[in-house]
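Residue numbers (the working numbering): 38 to 312.
For each residue, glycine too, the CB sits at the ideal point set by N, CA and C.
The structure presented is a predicted model; accordingly, all values stated were derived computationally and were not measured.
Inspection log for the structure reproduced underneath, given as structure tokens.
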């Protein structure tokens, strides 16, 4: 992929902030389906965190309005961590913090095939424990003078087979279960409940398809389109999902689930309550 010049320029400036260990380009640019925004990951060590005052000053200098500010670590929640929203030369630029120790734990979890899902504001599906590993695998390192992220990336070595197997075992059986609950919600006239269960059924299908094809999911944005473009996806998967959710058509999602195929509950957690 071609790294935008603006990303390299800003990364070089951010790298001068004391405590910033590495800078990476993530998001859509790293995956080759670029949207207008640039996502820059700022890696730091919790034992010697970056200089927040210096980073805040840089944000104001870079931002077109001169008003951008940087949150402290943890300011955006336990998994997104923190960062800053800027506009630079009319270009949207997001800084997102990543603590090195947690990135390492995420890599270890991915290699061991551990599946954990965590609530995070702004993410209706939640964030998995292997999320940082996914970012590392799909991102581009712009500044990593000590090779700390590069060593973790090499250690990850792509998409670990144990993680793929664990994700399919965790999600592969769920669509039918969620959809049975959605039917019950519609019978009660509880549209909100039915919508939520249908969403979960679709995300279980997405997780299953992506695990089978070893495709990393970074977040919910574009996840249905990502899954639909994979070789094993049902024909017109994304379009059919959109139509089914808009119409609250449980049977249409059930047909998709049948085409994907699912197994029985495994050993990766309790079944959700279908009500």
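Counting only runs that start and end inside the segment 138-205, the alpha helix (DSSP H) elements of at least 4 residues fall at 168-175, 185-193. An exposed status is given to residue 225, since fewer than 16 other beta-carbon atoms sit within 10 Å of its beta-carbon.
Sequence-distant Cβ neighbours of residue 55 in its own chain, meaning closer than 7 Å and more than five residues away, are 87, 88, 91. Shortest Cα-Cα distance from residue 135 to any of 268, 152, 199, 59 involves 59. For residue 80, the enclosing beta strand (DSSP E) has its first and last residue at 75-81. If you draw a straight line from the Cα of residue 220 to the Cα of residue 162, it is about 20 Å long.
Excluding five sequence positions before and after residue 185, the CB atoms of its chain that fall closer than 8 Å to its own CB belong to 58, 59, 80, 137, given in chain order. In the pairwise beta carbon analysis, the segment 144-156 is classified as touching the segment 191-208: at least three pairs are separated by under 8 Å.
DSSP lists 80 as the bridge partner or partners of residue 135. Rounded to whole angstroms, the separation of the alpha carbons of residue 126 and residue 74 is 12 Å. Contact between residue 276 and residue 289 is absent: CB atoms are separated by about 11 Å, not below the 8 Å threshold.
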